[in-house]
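Residue numbering for the sequence shown follows full-length UniProt numbering, starting at 1 and increasing by one per position.
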Amino acid sequence: MRLAAEGSLLNIPFNLFQDFVNVPYNEVQAANLLANSFFFTGSWFTPSATNIWGEDPGDPGHFMAVMDFMFPFAPEISGQYQPDFDEEALANGTAGLGQQTAMLAAAMLPVNPSCDSIQCWPMTPVNPITGLTGLDQVLRFVESLGGPNQLPLFSHWLQVPLQQLFEGYTFPEGPTSDPDNPTSAGIANPNEGIGPNGSVPDSYGFTGTRPLTDAEGNIVYDEYGNQINLMPWAGLTFKFDPLNPFQQWFDSLLQPVNWSVNGDDPTVGFHLPTFADIGQTMKAFTAGLVVDFNPFVAGSPFCAGLCTSPPLGLTTLDLVKAIQAMGEPNPQIQQWIDLTEQDAANAVGNANGSTDEQVMAGISALQTGVFTFDAQTQNDIIDLLAQINPYLPNLAVNSGLLTDPGLLGPWPVNPETGYLMPPTWTPGVPLDEQMIGDYGGRDSSLLWEDLVNFFNPSAGMLTPDFDGLWSDFGSWFTF
């Protein structure tokens, strides 16, 4: 049989066979893309400019990778090997499903300053109702979904008409350029990134934020002198056409068969992964999982305080370095290590993640006690406990029974920047020297010292007649 030199139905069986032969290669590349998106996003356990409620710069890569996994036999459908933002393809509806899904989420689920990486009041920090922290967070969340107390974050979700998306929807060019546009409030990233002037830098093949400029190209600043960093999709026109990628795939099946093997263009010919490719991709993917899903990091609700004592003393950087040490070095992993170890203004270095202030916000909002009351009630309870024993408040707070009264919300606005700030954040002080709350917050590592002080006679728990005995007993221990 002679294959058609031009588009023909006769080419479909052979091109279809080629597409399925290429599945392993495309799956490896999808895993590679997902690993890159993990490195680009940073930890999912701490709030940051690439990890907040709504579509942020860290999300498009996740959508793209998911679609790549769903359609490994058809890169034309998924958008695999296409850039994250192709203005022409997005405008005419020919972008892949990964890119289209990311833009659909950007239109329907925009971020909002009411729920950023510092505060999402009344949920975090919680505005108490019953005094049970977990229950009150759920109640406030439900209350914020709708009604008179709806959070602006949710009131701006699902507001772009589907018909407008099908015809072509244009994102605003700035937060004030089109105030009636449903995504205007979220077109500027409300969070400070780790890049210059609070930006999210381009990295790992993904697009970060860009500064708002005027007609002459000059950077625009807000009234406090802050650079306004726009989302990557600001000003773009997006046409939602989920059927078009399938048409492109069908058209590709009609094309003359390309018999090349492992050519430069991954969308034509046969492509077979090597064992080295698979090994390196799995290595990067594993390291990316550690970066994003290791819960024992500063600012996480699962590691008390500044997380100075993670399990086995191993930080995320230690674990990633251990993975890198196995076999041939991986350039993606090494890039993240280098970025993390660079001298920078924040403890995360120049790798995307939480700024030091956002770490303190995570600690203040998420490391709460079982009970959280309004400020007056909370302080009355603390005073009552202190009358029993001066160190009883420390025990109640550090054990996680009571939320530290120094962390109660709503939090203040920094008069210099106009942004909300954690209550115990001290600008200019290194992260490892920051003080947490009035009593150190929920931190089990402080409990031993609390217990020693609690039973100390000078605390009033025991009578002064036992002072000598206590001194003798204390001399038995040198720690």
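Yeah, the Cβ is synthetic: ideal placement off N, Cα and C, and Gly gets one too.
Predicted, not measured: the structure shown is a model, and the values here were computed from it.
Query, Result
"For Phe270: DSSP bridge partner residues", "Val261"
"Through-space distance from Trp249 to Ala74, alpha-carbon basis", "6 Å"
"Close beta carbons around Gly369, own chain, < 7 Å, minus the five adjacent residues each side", "Thr133, Val397, Gly400, Leu401, Leu402, Thr403, Arg442"
"Residue ranges of each alpha helix (DSSP H) within the segment 352-436, 4 or longer", "356-366, 375-388, 392-398"
"Simplified DSSP state of Cys303, which is helix, strand or coil", "coil"
"Nearest to Val257 (by Cα), restricted to the options Asn15, Thr124, Leu9", "Asn15"
"Best match in Asp19, Leu97, Gly205, Asp136 for proximity to Pro57 [C-alpha to C-alpha]", "Gly205"
"Cα-Cα separation, Pro207 to Phe285", "Looking at the sequence provided, one finds Thr at residue 207 rather than Pro. About 20 Å."
"Alpha-carbon to alpha-carbon, Gln18 and Leu254", "12 Å"
"For Ala287, the nearest candidate out of Asp222, Ala31, Val21 (CA to CA)", "Ala31"
"Segment contact, 8 Å Cβ cut-off, at least three pairs: the segment 83-90 with the segment 329-340", "no"
"Own chain partners of Asn350 with C-beta closer than 7 Å, once the 5 adjacent residues on each side are dropped", "Ile194, Leu339, Gln342, Ala344"
"Asn11, DSSP secondary structure in three states", "helix"
"Ala105 versus Ile118, Gly146, Leu139, Leu158, residue with shortest Cα-Cα distance", "Leu158"
"Candidates Gly235, Asp241, Gly198: closest to Ile228 by CA position", "Gly198"
"Simplified DSSP state of Thr463, which is helix, strand or coil", "At Thr463, the pLDDT of 41 sits below 50, so the modelled position is not reliable; the number obtained from the coordinates is stated separately. Coil, per DSSP."
"For Ala188: DSSP bridge partner residues", "Leu230"
"Simplified DSSP assignment, three categories, for Phe238", "strand"
"Nearest to Thr274 (by Cα), restricted to the options Val111, Tyr25, Pro415, Phe455", "Tyr25"
"Inter-residue Cα distance where the pair is Glu433 and Leu408", "21 Å"
"Identity of the residues DSSP links to Arg210 by a beta bridge", "Leu230"
"Phe69 - containing alpha helix (DSSP H), residue span", "60-70"
"For Thr41, three-class secondary structure by DSSP", "helix"
"Assumed close pair Ile388, Pro405 - CB separation to whole angstroms, cut-off 8 Å", "That belief does not hold up - the Cβ atoms of Ile388 and Pro405 are roughly 17 Å apart, past 8 Å."
"C-alpha distance - Thr94 paired with Ala365, whole-angstrom precision", "43 Å"
"Close Cβ partners of Met360 (< 8 Å) along its chain, the five nearest in sequence each way excluded", "Gly299, Pro422, Thr424, Trp425, Leu431, Gln434, Ile436"
"Cut-off 8 Å between Cβ atoms - residues of its own chain near Val290, not counting five sequence neighbours on either side", "Thr316, Leu319, Val320, Ile323"
"Straight-line gap, Phe477 to Ser445 (C-alpha atoms, nearest Å)", "Low local confidence applies: a pLDDT of 43 at Phe477 is under 50, so the model's placement there is unreliable, with the coordinate-based value given in what follows. Each residue's Cα considered, the two are about 19 Å apart."
"Leu109 beta carbon less than 8 Å from that of Glu143", "no"
"Beta-carbon proximity check, Thr372 vs Pro122, cutoff 8 Å", "no"
"Distance, Leu395 Cα to Ser78 Cα", "54 Å"
"Cβ of Gln119 within 8 Å of any chain B Cβ", "You won't find chain B in this structure, because it holds only one protein chain."
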